[in-house]
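Reading the sequence shown from the start, the letters are residues 1 to 141 in my numbering. Glycine included, C-beta positions come from ideal geometry on N, C-alpha and C. A quick note: this is a predicted structure, and the numbers were derived from the prediction, not measured. Working notes, beginning with the structure itself.
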Amino acid sequence: MALTREEREEFLAEPHIAALAVDAGAGRAPLTVPIWYQYEPGGDLWIMTGLDSRKNELIQAAGRLSLMVDRIEPTIRYVSVEGPVVNTVPATLEQLREISARYLPAEKVDGYVDFAWKNHGEQVVVHVRPERWVSSDLGQV
1 MALTREEREE FLAEPHIAAL AVDAGAGRAP LTVPIWYQYE PGGDLWIMTG LDSRKNELIQ
61 AAGRLSLMVD RIEPTIRYVS VEGPVVNTVP ATLEQLREIS ARYLPAEKVD GYVDFAWKNH
121 GEQVVVHVRP ERWVSSDLGQ V
């Protein structure tokens, strides 16, 4: 059964690992990779990635992407969003800390942020406006 707007936005706001898909060019299937993301209901979502990464190059060329998140318990549920890139800006240490705290145990955040800031190279934050939604809760199987 399809989720209501409120249900799908609340589900997307939970800290799931997303599958990001972006056009990889003629003769290629979409690039699909796991990624951390940030989202608040009613707003744009954002991801952080390397400035010179293939992922970012493809996202900038396509101008849009899709994200899918899912779970299998307590019910099978998924939400997929697709939309345009509305802004790409240099990542800040504060954004790295925010997204890291969303996914990591509190005691691991500082160490990870310190390592990532020093070793992952220049990062960008890509803001995406969700335009199309596909969602469902299949219940318990």
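If you measure between the beta carbons of residue i and residue j, is that distance less than 8 Å?
| i | j | result |
| --- | --- | --- |
| V138 | I99 | Residue identity differs from the one stated: residue 138 is Leu in this sequence, not Val. No. Outside cutoff. |
| Y39 | L58 | no |
| G111 | D52 | no |
| V69 | W133 | no |
| R71 | H16 | yes |
| A91 | V113 | no |
| D44 | V109 | no |
Could you compute how far the alpha carbon of residue i sits from the alpha carbon of residue j?
| i | j | result |
| --- | --- | --- |
| R8 | V85 | 20 Å |
| T88 | G63 | 10 Å |
| M1 | P34 | 25 Å |
| T49 | A24 | 16 Å |
| S66 | A18 | 10 Å |
| R102 | G27 | 36 Å |
| T4 | P130 | 15 Å |
| N119 | E94 | 16 Å |
Name, in chain order, the residues that DSSP records as bridge partners for residue i.
| i | result |
| --- | --- |
| M68 | A19, S80 |
| G50 | Q123 |
| N87 | H127 |
| Q38 | W46 |
For the alpha helix (DSSP H) holding residue i, just list the boundary residues, first then last.
| i | result |
| --- | --- |
| W133 | Unbroken run through W133 is the beta strand (DSSP E), 132 to 139; no alpha helix (DSSP H). |
| G111 | 106 to 119 |
| L12 | 5 to 13 |
| R97 | 93 to 103 |
Since residue i is in the beta strand (DSSP E), which residue starts that stretch and which ends it?
| i | result |
| --- | --- |
| P34 | 31 to 35 |
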